[in-house]
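Residue numbers (our numbering): 12 to 462.
Read through the structure below, which is laid out as structure tokens, and then see the notes.
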Amino acid sequence: MGIRQLLTQWGLSFFDSPLLVNLARGAGTAFLVQVSGVGLTYMVQIFLARWLGTAEFGIYEYVVSCTLLLAIFGGLGLPTAVLRFISQYKVTQQWQQLTGLIQGTWQLTGVISFALTLGTTALILIFTDSSWIYYTPLLIGVWMVPLIALAQLQAEMARAFNKIILAYAPFRLIQPLLVLGAAFSAGQIQSPLQSEIVLGVSILSLILVVVSQWQFLQHQLKIEYQLATPDYQTTEWLKVAFPLLLQGVFFIVLNQTDILMIGTIISPESVGIYSAAAKTSVWVTFVLQAVNTVAAPVFTTLYTQNDRSGLQSLVATVAHWIFWPSLILAIAIITFADPILGLFGSEFVAARLPMTILIFGQLVNVGSGSVGYLMVMTGHQNQSAIIFGCSAITNIILNALTIPTLGILGAALSTALTMAMWNILLHVLVVRYLNVYPSILYAILPKSHPN
Numbered sequence: 012m013g014i015r016q017l018l019t020q021w022g023l024s025f026f027d028s029p030l031l032v033n034l035a036r037g038a039g040t041a042f043l044v045q046v047s048g049v050g051l052t053y054m055v056q057i058f059l060a061r062w063l064g065t066a067e068f069g070i071y072e073y074v075v076s077c078t079l080l081l082a083i084f085g086g087l088g089l090p091t092a093v094l095r096f097i098s099q100y101k102v103t104q105q106w107q108q109l110t111g112l113i114q115g116t117w118q119l120t121g122v123i124s125f126a127l128t129l130g131t132t133a134l135i136l137i138f139t140d141s142s143w144i145y146y147t148p149l150l151i152g153v154w155m156v157p158l159i160a161l162a163q164l165q166a167e168m169a170r171a172f173n174k175i176i177l178a179y180a181p182f183r184l185i186q187p188l189l190v191l192g193a194a195f196s197a198g199q200i201q202s203p204l205q206s207e208i209v210l211g212v213s214i215l216s217l218i219l220v221v222v223s224q225w226q227f228l229q230h231q232l233k234i235e236y237q238l239a240t241p242d243y244q245t246t247e248w249l250k251v252a253f254p255l256l257l258q259g260v261f262f263i264v265l266n267q268t269d270i271l272m273i274g275t276i277i278s279p280e281s282v283g284i285y286s287a288a289a290k291t292s293v294w295v296t297f298v299l300q301a302v303n304t305v306a307a308p309v310f311t312t313l314y315t316q317n318d319r320s321g322l323q324s325l326v327a328t329v330a331h332w333i334f335w336p337s338l339i340l341a342i343a344i345i346t347f348a349d350p351i352l353g354l355f356g357s358e359f360v361a362a363r364l365p366m367t368i369l370i371f372g373q374l375v376n377v378g379s380g381s382v383g384y385l386m387v388m389t390g391h392q393n394q395s396a397i398i399f400g401c402s403a404i405t406n407i408i409l410n411a412l413t414i415p416t417l418g419i420l421g422a423a424l425s426t427a428l429t430m431a432m433w434n435i436l437l438h439v440l441v442v443r444y445l446n447v448y449p450s451i452l453y454a455i456l457p458k459s460h461p462n
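Next comes the structure, spelled out in structure tokens:
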């Protein structure tokens, strides 16, 4: 069989389809931003691990995991909700509602996340002892919560207006560079570097990025859209946002439980070593993230048009785009695990086996296809939230059982197993509700697709 025939059989002759050509172009931009962001963030993690040392780096990662979890609650599910409402208001030219949405969700997110930060600070002061190793770092780091919540909201606003660079460059490119430069300067003054200092410069960099991004977004919208007297539909927004909040909470629990429980049960040193494994394994998914950034709205369009054949063709093509580069990356990372992990420091090479296990879990993730977005973008977010909720509970139980006996290896096994579980279950739901098959297995064997 020739290459062209094989590509046609696998659904990869996409240059005959204007839809797929446009998707590929958009994915290219998103891919470039994603690769740059992931690469830069990874480089910053390497330098911080070397400057801080295993224990202080572990403390820093533990605090960051806590703030990411709290920021989801502070965001109230609104970042995802604005994607839907901005698109809706643009089509219907409801400029008052659009203005109200932009201003109202920003204000609401700021107030709620700030109140959450105050409450968390009070709880730390009242119920923890100053001798606790995470005491001071948490008191500092918790003030990142409102900034992260606002950064996530603004990114989704910019994404809804098709401004991919404005959406992702500030938080994924500029902010890591600011942290790196400030941490390096601080390290010249005080050595060894402390986690509290890095958390402090992270807060300052977030303030600069959030304010600048907001001002630039406001300026662009005033030029391109007829913003009017705001009309606040807060109740309607929150009704849509609440199930998305639950899904976001469950998803962040799935991604951060291992780090939080390692830090609580074992030690900051173990957190630092495990974080290197987790950060490295995520490289396998950046193609999935880039493609989903552009493909998700197309899922909605084809589903609304009841074009199941077109949707099946799209998800099969996307499955190839996602899986094969990810597989090559996975093989390369596993093959060169020691020198890659050694970039963090010689002690981080101990994370080789946990990293390999996490990579196998990520391969199930990318091999399943865009199952999460297929559920959410077709109105089945409630069903997917149940899957994420059950998976989050399972993940907590497995980590609680395995970390005390197996250490970071147990965390890796629990996380990889849970990741495989929720992807397989979501794939089953996608087939049941949408009658499409998004995994790479079905993409390779097109005759097994439904008609």
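Where is the CB? At the ideal position from N, CA and C, for every residue including glycine.
Looking at the secondary structure, which residues open and close the alpha helix (DSSP H) in which GLU358 lies? Taken as a continuous stretch (DSSP letters only), GLU358 belongs to no alpha helix (DSSP H), as it is neither H nor E.
The region 160 to 177 contacting the region 79 to 91, beta-carbon criterion three pairs below 8 Å: Yes: the two stretches touch, three or more of their Cβ pairs being nearer than 8 Å.
Does the pairing of the region 355 to 372 with the region 287 to 298 give three or more beta-carbon distances under 8 Å? Taking a cut-off of 8 Å for Cβ pairs, the region 355 to 372 and the region 287 to 298 touch, as three or more such pairs fall below it.
Below 8 Å, how does it come out for the region 434 to 451 and the region 407 to 417: are there three or more Cβ pairs, yes or no? no
Can you have a look at HIS230 and say buried or exposed, based on whether 16 or more other CB atoms are within 10 angstroms of its CB? Here HIS230 is exposed, its C-beta having fewer than 16 other C-beta atoms within 10 Å.
Roughly how many whole angstroms lie between the Cα atoms of GLN16 and CYS77? Residue confidence is low: GLN16 scores 47 on pLDDT, short of 50, so the model does not pin down where it sits. Its coordinate-derived value is still stated next. So the two alpha carbons sit approximately 50 Å from each other.
Could you check the C-alpha separation between ILE348 and ILE270 for me, to the nearest Å? One detail in the question is off: residue 348 reads as Ala in this sequence, not Ile. If you take the alpha carbons of ALA348 and ILE270, they lie about 20 Å apart.
7 Å Cβ shell around GLN244 - same chain, five flanking residues per side excluded: GLN108, GLY111
Find the nearest neighbour of LEU352 within the set GLY48, GLN45, TYR53, judged by alpha-carbon distance. TYR53
Inter-residue Cα distance where the pair is GLY283 and ALA66: 7 Å
State the CB to CB distance for the pair MET388 and PHE310, rounded to an integer number of angstroms; the pair is presumed to be in contact (CB under 8 Å). Taking 8 Å as the upper bound for CB-CB distance, MET388 and PHE310 are in contact here, some 4 Å apart.
Counting pairs of beta carbons, one from the region 393 to 400 and one from the region 424 to 440, are three or more of them closer than 8 Å? yes
Please report the residue range of the alpha helix (DSSP H) in which ILE345 lies. Segment 319 to 346, the alpha helix (DSSP H) holding ILE345.
beta-carbon SER206 near the ligand MG non-hydrogen atom, thresh 7 Å: Ligands are entirely absent from the displayed structure, and the ligand MG is therefore not among its contents.
By the three-class DSSP mapping on this structure, what secondary structure does SER213 have? helix
Would you identify the three-state DSSP class for TYR314, choosing helix, strand or coil? helix
Please determine, among GLN373, LEU325, THR328, the residue with the shortest C-alpha to C-alpha distance to ILE342. GLN373
Determine the burial state of GLN224: buried for a count of at least 16 other Cβ atoms within 10 Å of its Cβ, exposed for fewer. buried
Local Cβ density within 10 Å of PRO203, reported as buried at 16 or more and exposed below that: exposed
Presumed contact (8 Å Cβ cut-off) between VAL329 and SER395, rounded CB distance: Actually they are not in contact, since the Cβ atoms of VAL329 and SER395 sit about 18 Å apart, beyond 8 Å.
Under the three-state DSSP convention, the category LEU89 falls into: helix
Under three-state DSSP, which class holds ASN266? helix
Cβ pair GLY86, THR120 closer than 8 Å: yes
Which runs of the alpha helix (DSSP H) fall wholly inside the region 115 to 152 and span at least 4 residues, in chain order? 146 to 152
Leaving out five residues on either side along the sequence, give the residues of the same chain with a beta carbon under 7 Å from the beta carbon of VAL46. PHE297
Kindly indicate which three-state DSSP category SER76 falls into: helix, strand or coil? helix
Could you tell me the boundaries of the alpha helix (DSSP H) in which LYS174 lies? Counting along the chain, LYS174 falls outside any alpha helix (DSSP H), and DSSP gives it neither H nor E.
Anyone know if the C-beta pair for VAL260 and TYR145 falls short of 8 Å? Their beta carbons are not under 8 Å apart, which means VAL260 does not touch TYR145 by this criterion.
Other residues of its chain near PHE198: CB distance less than 6 Å, five sequence neighbours each side excluded: The question names Phe, but residue 198 in the sequence shown is Gly. Closer than 6 Å at Cβ, skipping near neighbours: TRP62, LEU204.
Where VAL49 sits in the DSSP three-state scheme: It is helical.
C-alpha distance - VAL8 paired with GLN99, whole-angstrom precision: With the chain represented from 12 up to 462, any question about residue 8 goes unanswered, as that position is not in the structure.
Sorted by chain position, which residues of the same chain lie with C-beta nearer than 7 Å to LEU184's C-beta, five sequence neighbours on each side aside? The answer, listed in chain order, is SER47, GLY48, LEU51.
Could you have a look at MET386 and say whether DSSP puts it in helix, strand or coil? helix
From GLY13 to THR429, what distance separates their C-alpha atoms? Note that GLY13 scores 44 on pLDDT, short of 50, meaning its location in the model is unreliable and no value can be drawn from it.
Continuous alpha helix (DSSP H) stretch holding SER202: start and end: Note, SER202: premise wrong, no alpha helix (DSSP H); not H, not E.
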